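Quick note: the sequence shown uses the working numbering, first residue 50, plus one each step.
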Amino acid sequence: MKNKIKYAIVFSILLLIGIVSINLFQPNKEQQVRGNIELLVNENSYEYLVECANNFMKENDRTSISVKKLENYNHIINNNSDGSTKSKISSIAQIDRFSFDKLKLDNYEYYNKDDKLLSEYAKNFSKYRVAQVKYGDNSIGIPLTSRPLAFYVREDLLKSYGYERDSLNTWDDIIRIGKDIHEKSNGKIFIINATDQDYEDLMDLLTMETLSDGDKSIDAVKSEVQAMMKKLEDNNILNLQSGGEFLARISSINAMKEIAALDVPCTWSVNNVPSLKPGANKFFSSEGDNLLILNQNSENDKLIEKFITYVITNNKEAVKYVKEGKFFSSYLYTYNTKDIEEPVKNFTGKSPLVVLSNIEEKTPIISNYDEYIKIKQEIRANTN
């Protein structure tokens with residue numbers, strides 16, 4: 050009898066341990082996320098987000114995440130008008146503030162619910178980057194990528210004309226030295242490239258520099274930016290022809306990728322951009338892309354929150370793509386690694402990623418971002 054009682058007690062204890070172990074080590078069904086997400090993303094971050102989606106689904110086998118390339122921002126409008134808000138599939142698109150505002154959609158439909166994600170991770174983004182997704186007391190989207198602007202200079206070519214990089218401090222320096230180099234090269238070499246994305250980045254930089262230089266009206270900022278562009282063109286500073294020769298460019302991480310791919314012997318360096326005047330701010334960043342939830346679906350809220358958190362905090366995988374120059378992550382912790390200090394082909398001095406991450410961290414907030422977007426829209430309209 051005593052043995053039976055003893056065995057019963059042992060069995061009960063083992064059964065209790067088994068139940069506790071199952072509860073501890075097997076996720077509760079209510080805690081497991083489930084649902085479907087469709088991602089609409091651009092070319093540069095496509096591979097990274099596909100990898101994130103695949104790894105996330107392995108860890109969360111009740112989820113389905115598809116990643117598609119967003120060929121046209123009108124896809125967002127179509128998504129909004131086809132009744133997809135009632136769909137069981139939540140759509141998330143990659144888009145920057147400027148492009149989103151151009152769509153003229155009802156902002157209210159896209160406000161982040163209770164700002165939980167942004168509030169939780171705000172300290173891990175630069176303050177300016179958080180400001181880019183703010184609409185008053187609300188926010189739209191979560192920062193994904195950034196575009197810190199740097200000044201890339203081909204030092205070997207610059208030195209061949211008798212100048213050092215340190216001589217290029219302000220825009221007046223650029224004009225003075227650029228005119229001299231253009232004349233010495235018999236009109237062959239311009240100092241600053243201004244084609245394609247480099248042209249857009251130059252315009253954005255001049256707009257931000259002018260906007261930060263005192264209290265000015267929208268019309269005054271537009272006028273000064275246009276006057277500076279004309280001054281640069283009139284003094285033969287800008288290369289406006291595809292295939293033309295130049296020795297410097299205002300750009301972001303895309304320039305690092307393109308320069309590293311050059312096969313011709315060359316030596317480039319990267320540092321802060323020229324300023325309007327001595328001592329002025331040299332830390333500026335153009336617009337990055339955000340992850341925008343297109344249809345708020347309460348059934349998928351937990352999945353969306355968990356997946357976006359996974360994407361923005363996936364530093365180990367993100368830094369791999371950042372080093373390849375495919376995109377620049379907005380998440381500052383991505384750069385807390387020695388990996389970004391590694392030398393890059395065709396560059397001398399500090400690694401481009403060290404410089405870019407420093408710019409990203411120190412870029413100040415634009416006090417009135419709506420005003421900046423309006424100026425940017427009007428300047429672009431006049432130049433297109």
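Yeah, the Cβ is synthetic: ideal placement off N, Cα and C, and Gly gets one too.
Keep in mind the model is a prediction, meaning the values are calculated, not measured.
Can you tell me which of the three DSSP states residue i falls into?
i: Tyr159; result: helix
i: Ser291; result: coil
i: Arg83; result: coil
i: Thr362; result: coil
i: Asn284; result: coil
i: Val393; result: coil
i: Asn91; result: coil
i: Thr383; result: helix
i: Lys183; result: strand
Quick one: what's got a C-beta closer than 8 Å to residue i's C-beta in the same chain, skipping five residues either side?
i: Ile389; result: Val368, Val371, Lys372, Ser400, Leu402, Val403 and Ser406
i: Lys106; result: Reading the sequence as shown, one finds Met at residue 106 and not Lys. Excluding residues within five positions, the ones whose Cβ falls inside 8 Å are Thr112, Ser113 and Ile114.
i: Gln275; result: Ile428 and Asn431
i: Leu381; result: Asn173, Phe174, Ser175, Ser406, Glu409 and Glu410
i: Asp350; result: Lys162
i: Ile126; result: Leu152 and Leu154
Name the two residues that bound the continuous beta strand (DSSP E) containing residue i.
i: Phe174; result: Neither: Phe174 is in no beta strand (DSSP E) and is coded neither H nor E.
i: Asn242; result: Ile238 to Asn242
i: Asp229; result: Careful: Asp229 lies outside any beta strand (DSSP E), inside the alpha helix (DSSP H) at Trp220 to Lys233.
Who does residue i pair with in a DSSP beta bridge?
i: Pro197; result: Ser334
i: Ala297; result: Val202 and Ile241
i: Pro192; result: Asn339
i: Lys117; result: Leu89
Please return the same chain residues whose Cβ sits closer than 7 Å to the Cβ of residue i, not counting the five positions on each side in sequence.
i: Lys237; result: Glu294
i: His231; result: Ile238, Phe239 and Asn285
i: Thr412; result: Ser175, Tyr177, Pro197, Phe332, Phe333 and Ser334
i: Arg298; result: Tyr201, Ile241, Asn242, Asp247 and Ala304
i: Leu206; result: Leu296
What span of residues does the alpha helix (DSSP H) with residue i cover, start to end?
i: Asn462; result: Beyond the ends of the chain as shown, which are 50 and 433, falls residue 462; an answer cannot be given.
i: Ser140; result: Ser140 -> not in any alpha helix (DSSP H); beta strand (DSSP E) instead, spanning Ile138 to Asp145.
task: For the stretch 312-332 and the stretch 194-204, state whether three or more C-beta atom pairs, one from each stretch, are separated by less than 8 Å.
output: yes
message: Within 8 Å, do at least three Cβ pairs link the stretch 251-265 to the stretch 327-337?
response: yes
task: Would you be able to state if there are at least three C-beta pairs under 8 Å between the stretch 293-302 and the stretch 185-198?
output: yes
message: Assess contact between the stretch 337-357 and the stretch 152-170, defined as three or more Cβ pairs (one per stretch) separated by less than 8 Å. Is contact present?
response: yes
task: Answer yes if the stretch 321-330 comes into contact with the stretch 213-224, meaning at least three C-beta pairs across the two stretches below 8 Å, and no otherwise.
output: yes
task: Give a yes or no on contact between the stretch 137-153 and the stretch 406-417, applying the rule of three or more CB pairs nearer than 8 Å.
output: no
query: Would you call the stretch 89-106 and the stretch 375-383 in contact, with 3 or more CB pairs under 8 Å?
result: yes
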